[in-house]
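Residue numbers (this note's numbering): 38 to 175. Contents: one structure, followed by commentary.
Here it is, written out as C-alpha cells:
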C-alpha cells in the first residue's frame, strides 16, 4: 500500500480537499471566490471515485486477476455521484435557507457535475497508471 503511487495521490487529494473546505468555511472563501466550491467538488469527486476504484481493485483484482476498464469508470462515477447526493442532502438540512434564494437547484447540478468530473479524472488516471504498469489489464 505505501508503495502504491495512486494511494498517495488519493491521500494528498484528501488533504487538499480538507484544507480547501476548512479554510473556505473558516474565512468565508466560498462566498468570496465562488469557483472554490467547484474546485472542492472536483477534488472530492476525485477522492471518492478514486478511492472506490482503488479499494475495489485491492479486493477483487487478486481474486479475478482481470478488471475491465468500463466497470471501473462506472464504479468511480456512481460512487462520487452517490456521495455527492448525500452531501447535497446534508447541505439542505444544515442550510435550508438556500431553498429560499432559488439558487439551490443550479448549485446542486453544478456540484454533482463537478463530483462526476473529478471521479472521471480519477478513474482515467488510475487506468492510465494501470496501463503503463501493465497489471490487471483486459
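Beta carbons: idealized from backbone N, C-alpha and C, even for Gly.
Check residue i in the structure and name its three-state DSSP category.
i, result
"residue 168", "helix"
"residue 174", "For residue 174, the predicted structure reports a pLDDT of 47, less than 50, and the residue's modelled location is therefore unreliable. A value from the coordinates is still provided. Looking at residue 174 - three-state DSSP - the assignment turns out to be coil, as it is neither helix nor strand."
"residue 41", "coil"
"residue 105", "coil"
"residue 70", "coil"
"residue 83", "helix"
"residue 124", "helix"
"residue 91", "helix"
"residue 64", "coil"
Taking the alpha carbon of residue i as the reference point, which residue from the options has its own alpha carbon closest?
i, options, result
"residue 21", "132, 104, 96 and 110", "Lying outside 38 to 175, the shown extent of the chain, residue 21 is not represented and no answer is given."
"residue 159", "41, 145, 57 and 85", "85"
"residue 93", "168, 170, 40 and 44", "44"
"residue 144", "63, 48, 67 and 55", "67"
"residue 107", "47, 164 and 133", "164"
For residue i, collect the residues of the same chain with a Cβ closer than 7 Å to its Cβ; drop the 5 residues on either side in sequence, then sort them by chain order.
i, result
"residue 151", "75, 78, 79 and 82"
"residue 116", "85, 86, 89 and 156"
"residue 63", "none"
"residue 51", "84"
If I measure Cβ to Cβ from residue i and keep anything under 6 Å in the same chain, skipping five residues before and after, which residues do I get?
i, result
"residue 59", "none"
"residue 120", "85"
"residue 147", "none"
Between residue i and residue j, is the Cβ-Cβ spacing less than 9 Å?
i, j, result
"residue 149", "residue 125", "yes"
"residue 41", "residue 91", "yes"
"residue 114", "residue 54", "no"
So, for residue i: in the same chain, excluding its five sequence neighbours on each side, which residues have a beta-carbon less than 8 Å away from its beta-carbon?
i, result
"residue 199", "Nothing about residue 199 can be reported from this structure: the residues present for the chain run from 38 to 175 only."
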